[in-house]
Every structure is written in C-alpha cells, then in structure tokens.
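Remarks on the structure that follows.
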Amino acid sequence: MDFGEGNIAYKETVAESVYGYGHYEPLRHYAEVHLKLEPLERGTGLRFASECSEDALDRNWQRLILTHLQEKKYLGALTGSPITDMKITLVSGRAHLKHTEGGDFRQATYRAVRQGLRSAESVLLEPYYSFTLEVPSQNVGRAITDIQNMGGEFSPPEVAGEMSVIKGSAPVSEMRGYQPQVISYTKGLGSLVCLPDGYRECHNTDEVVEAYGYSPDSDLENTADSVFCSHGAGYNVKWNKVEEHLHLPPEGRRKQYAEPQFNDRTGLAEDFCRRAASDKELMEIFERTYGKIEREKRYAMRTPKKAENSSKQKPKQIYSGKEYLLVDGYNIIFSWEELKKAAAESLDLARSMLVNRLCNYQGYKQCELILVFDAYKVKEQERVIENYHNISIVYTKEAETADTYIEKTAHKLSREHKVRVATSDGMEQVIIMGSGAFRMSAQELHEDVERVEREIREFIAKMK
888 MDFGEGNIAY KETVAESVYG YGHYEPLRHY AEVHLKLEPL ERGTGLRFAS
938 ECSEDALDRN WQRLILTHLQ EKKYLGALTG SPITDMKITL VSGRAHLKHT
988 EGGDFRQATY RAVRQGLRSA ESVLLEPYYS FTLEVPSQNV GRAITDIQNM
1038 GGEFSPPEVA GEMSVIKGSA PVSEMRGYQP QVISYTKGLG SLVCLPDGYR
1088 ECHNTDEVVE AYGYSPDSDL ENTADSVFCS HGAGYNVKWN KVEEHLHLPP
1138 EGRRKQYAEP QFNDRTGLAE DFCRRAASDK ELMEIFERTY GKIEREKRYA
1188 MRTPKKAENS SKQKPKQIYS GKEYLLVDGY NIIFSWEELK KAAAESLDLA
1238 RSMLVNRLCN YQGYKQCELI LVFDAYKVKE QERVIENYHN ISIVYTKEAE
1288 TADTYIEKTA HKLSREHKVR VATSDGMEQV IIMGSGAFRM SAQELHEDVE
1338 RVEREIREFI AKMK
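Structural data, given as structure tokens:
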C-alpha cells in the first residue's frame, strides 16, 4: 500500500487584541456575549478567562459561556484552520430572565468568537521541523542553498572529519520530501533527522490562502453573523454591522453611548436623530411610522407652527425638572384594539409593538418615558429595569404590581417634576391624582400618540 505525504496542518491566530460580539435573539430567545481576543506566545495554545462583573451577568451564565468557549474547535477566517495561541476573555454579556436558555448563550458565544476573528488581522501559522543534516563537506554548499530556498534557518556547519553537520529549522511544507534528495546528491552518504518544532508564522501565506480558497461567508456552520428580533420576528445581521445593533455598548466605545445633556429642544431633537441614525433598527421603525427623513437633522423633530389662537389661555404651570410619563404596559395593551388583537396571537408581539410606538412618541415629546410591566419573573427575583433605545422598561419584582410601582414612583417624582400616568384603571387614577400627578387614560394616550404621528407625517410631507 502506498501512502502520500499528507496535508499540512495549518493553524491561525490574531495579530493584535480585538473584541468579538455575538447576539442571538430569535423570538422567545435572548443572549448577548462580548469577548476579547488577545494573541499569546507561540505554543501557548488557547486560554479562557472572565472579567465580566456578576452585576452585569450572573455567575452561572458566565460559567456556561466559558464551557461553550472550551467545547468547540473554532476555525480561523483565512483558511478555516483551527485557532491557537490566543486568550479569549468574557468581558460582558446580557441575559433575559424570561426568554434566555442555555442554548442561547452557546449560539451567542460561537458567533462572538467568529465575529472577533473576522474583525481581526489574522495570522496563518505553519508547523516547523528542527533538523540535523549531515553531509560530506563537499556538499555543504548545496545543502545550505537548499535550506535557504526552503525559508529555513540554520547555525554555521560543524565539521567532523570528512562530514559536516548543519542544525536548524525549516517549514514542514518545504522540508518534507527532502530526504530522498539528500541521499541522491550525497550518493547515500548523507542523512537527515527531523523533529517537530512547533508553529511559526507561515512563510508563504498568500499562496496557501489562495490554494485553500476558503470563504468564511459560505461557512454557515461557523457563522459570524448575529440574530436580532424586531416586531416579533428574528432577522440576520452581518458580522460587520453587529456593533450597530448591540444592546450593550461595545467595549472601548462606552463614552460614545453616554447620554448627553441639552438645554434646548433643537439639541435634543438633533441628538435623537443622531442616535436613531446610529441604530439601524430604531431608524427603520421611525421611518416606517413617519416616512423617510430627507431634510436637515436639526429640524427633524420640530413641530410645525400653528396659527396663533386669539383667545387668551391660562398660563401653564412651570416645573423645575424634567417631565415624566409613566405607562401601565399591560393596561394599555388590553385597552388599544390593535394591541389587544396582537396579544391574542402573541403577547410578546403586542409588547414589542407598544414599545416601538412609544419609542417614536418619546423621541417627539422629549419626556422621560417609563413603561411598566407586571412581574412575570420566577420567585425571589428583583425588579429589572432595562434601557431600550430612548425609553426605560421596568419589570416589577415578584408580588409587586405595576400599579404599586407606578404609585410609588409618581409620588416621589411629582415633588419636583411634572408627572403623567397613562392607565385606565379607575382606582389607580384616583390615587395618582392624590399624589400630585396628572392622569391620562389609555384612550387619551392612544389619541395623543396618533396625533403626534399624524403631525410628524404632515410635517415631513411639507419638508420634502
């Protein structure tokens, strides 16, 4: 039986530190993972660690992510060869108390590693031999020339009688098959001994990459893309666009995500448009509702001037702080017909529809909008507050109703701020008025949301 020379087992690593992001959010699933990939010394292999705070992600989820990091053979982006000599560190992550399952973090972790590799400058590594070549002294010139052509390194020849010994190292891809040549040009007097000598940077990377013809985009089993959710359906985001959709700010760019303060509505409107433009999903929601924006951003959120009313109106009370709007989420869902119909099909869909409409509403009104949902968490879980684009979403803790949370919050905020509460719960409205807040029925909120959307559409039509 004849055996061939076999194939060279290449490996890959990264040239410098890079972050990788993975998000997995089909309907009723959720996980986001942020990793840091750092190059290590040759021969180190793979190392795994976590620098993620337990305040950001529970320890059990972190351990699960580290397990997923170690269970898979990850492939590089150049030739699809295994990665090595790299430290992969978990730096951040997010779970959803209701929708996250273990398999969600597996998907997010795999995608985060792959996304980091696609974003990095990859380095192709090849195996090397350390060799000892013994040839007659008259053949030393030929031997040295061959080693140089192989891209090898060697020390000065050592003379032992009529023989010379050359020690050095060379790529396995070049050194294999050299033994018959040694025997040939030394007429059987020479010998070659080779031993594995680890991996080093490939001496002919371009040729190897071209020969492999590996296409990372076609490798669907090792995808770098992420899955996000919008309007109750998951959609794919290409690896080089993932940072624009992340729910947690990318590492190294957290300052860009800090919320700036403005003293005028023009600045606030311009900032909202800037944030919307930087978030593709939010901009798509905004433009589907109001139409495409084709004007200067600083005028995007400005309300058209109306004819002045000649009748005198009572001056409005001036508040020193921001204006707040507290919304009883489930009360609104089951009060608005379109949301009630959606809830009959999927409560998650109805909740998503309400959240997206209120994002647009807040962007126009520039109030502090807090959307409150009754607890659906398991027992002994604490209250959860999430920042979704430009609004805050509160999931009350176990045994705490949305009414209770809204009443406490309204009472506290109304001392310095104008507070409105949107609900059709009659008892809650009475309590709200007693705390100094303003009541707003579900129908009134619905009419105001539609009015705002109508005014913006009319304004955009005039500006085109």
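The numbering used here puts the sequence shown at residues 888 to 1351.
Built from N, CA and C at the ideal position, the CB exists for glycine as well.
Review point. Where does the unbroken beta strand (DSSP E) through Phe1221 begin, and where does it stop?
Key: Careful: Phe1221 lies outside any beta strand (DSSP E) and carries neither H nor E.
Exercise for review: Could you name each continuous beta strand (DSSP E) segment of 3 residues or more that falls completely within the stretch 1066–1123, going from the start of the chain to the end?
Suggested key: 1078–1088, 1113–1117
Practice item. In angstroms with no decimal places, state the Cα-to-Cα distance between Lys1252 and Asp1335. Key: 10 angstroms
Exercise for review: Pick out whichever of Arg1270, Thr1288, Ala1007 has its Cα sitting closest to the Cα of Tyr1217.
Suggested key: Thr1288
Exercise for review: Would you check if the distance between the CB atom of Val1242 and the CB atom of Leu1213 is smaller than 9 angstroms?
Suggested key: no
Point to revise | Residues bridged to Ser979 [DSSP beta-bridge criterion] | key: His921
Review point. Apart from the five residues just before and just after Ala936, which ones in its own chain have a Cβ nearer than 6 angstroms to its Cβ?
Key: Thr976
**Study point:** DSSP state of Ala1007 mapped onto helix, strand, coil
**Key:** coil
Review point. From Leu1300, Thr1291, Tyr897, Thr1310, pick the residue whose C-alpha is nearest to that of Ala1221; which is it?
Key: It is worth fixing the name first, because residue 1221 is Phe in this sequence and not Ala. Nearest C-alpha to Phe1221: Thr1310.
Check your understanding: What is the rounded straight-line gap between the Cα of Ser1056 and the Cα of Gln1068?
Key -> 17 angstroms
**Study point:** DSSP state of His1298 mapped onto helix, strand, coil
**Key:** helix
Exercise for review: Starting from Val1306, follow the beta strand (DSSP E) in both directions and report where the run begins and ends.
Suggested key: 1305–1309
Review point. In terms of residue numbering, what span does the beta strand (DSSP E) encompassing Arg1326 cover?
Key: 1325–1327
Review point. For Gly930, which residues from the same chain have a beta carbon less than 6 angstroms from its beta carbon, with the 5 sequence-adjacent residues on both sides left out?
Key: Gly1085
**Study point:** Stretch pair the stretch 1025–1044 + the stretch 943–955: three plus CB contacts closer than 8 angstroms
**Key:** no
Exercise for review: May I ask you to report which of helix, strand or coil DSSP gives Val1281?
Suggested key: strand
Check your understanding: For Ile952, is the classification buried or exposed, using 16 other Cβ atoms within 10 angstroms of its Cβ as the cut-off for buried?
Key -> buried
**Study point:** Pro1103 versus Arg1005 - alpha carbon distance
**Key:** 8 angstroms
Practice item. Would you mind sorting Ile1272 into buried or exposed? The rule is 16 or more other CB atoms within 10 Å of its CB. Key: exposed
Check your understanding: Between Lys1193 and the rest of its own chain, which residues show a CB-CB distance below 6 angstroms, the 5 nearest in sequence each way excluded?
Key -> Unreliable placement is indicated for Lys1193, whose pLDDT of 48 sits below 50; the coordinate value is still reported in the next sentence. Result list for Lys1193: empty, nothing under 6 angstroms.
Point to revise | For Lys959 and Asn1247, the rounded distance between their alpha carbons | key: 42 angstroms
Exercise for review: Reducing DSSP to helix, strand and coil, say where Arg929 ends up.
Suggested key: coil
Practice item. Decide if Ala896 is buried, meaning its Cβ has at least 16 other Cβ atoms within 10 Å, or exposed. Key: exposed
Practice item. Taking only the alpha-carbon atoms, compute the straight-line gap between Glu1267 and Lys985 and give it to the nearest angstrom. Key: In this prediction, Glu1267 has a pLDDT of 47, which is less than 50 and means its spatial position is unreliable; what the coordinates show is noted afterwards. Their backbone Cα atoms lie some 14 angstroms apart in a straight line.
Review point. Using DSSP with H/G/I as helix, E/B as strand and the rest coil, what is Glu938?
Key: coil
Check your understanding: Any idea if Ala1120 is buried or exposed, counting beta-carbon neighbours within 10 angstroms, 16 or more meaning buried?
Key -> exposed
**Study point:** Cβ contact (3+ pairs, closer than 8 angstroms) linking the stretch 1107–1122 and the stretch 1041–1054
**Key:** no
Exercise for review: Report, in whole angstroms, the separation of the C-beta atoms of Val978 and His921, which I expect to be a contact under 8 angstroms.
Suggested key: 5 angstroms
Practice item. Rank Pro1137, Gly907, Leu1226 by C-alpha distance to the C-alpha of Glu1008 and give the top, closest one. Key: Gly907
Exercise for review: Would you please state the rounded distance, in angstroms, between the beta carbons of Val901 and Met973? I believe it to be under 8 angstroms.
Suggested key: 6 angstroms
Point to revise | Whole-angstrom distance between Leu1076 and Gly932, CA atom to CA atom | key: 40 angstroms
Exercise for review: Taking only beta-carbon positions, decide if Thr931 is within less than 9 angstroms of chain C.
Suggested key: Looking for chain C here will not work: only one protein chain is present.
**Study point:** Option nearest Asn1091 by Cα separation, candidates Ser1017, Ser1113, Ser1060, Pro1043
**Key:** Ser1060
**Study point:** Coil, strand or helix - Ala1348 by DSSP
**Key:** helix
Practice item. For the beta strand (DSSP E) containing Ile1353, list its first residue and its last residue. Key: Coverage of the chain is limited to positions 888 through 1351, which leaves residue 1353 absent and any answer about it impossible.
**Study point:** Alpha-carbon to alpha-carbon, Glu941 and Pro1191
**Key:** Confidence at Pro1191 is low in this model, with a pLDDT of 49, below 50, so its placement is unreliable and no value can be given for it.
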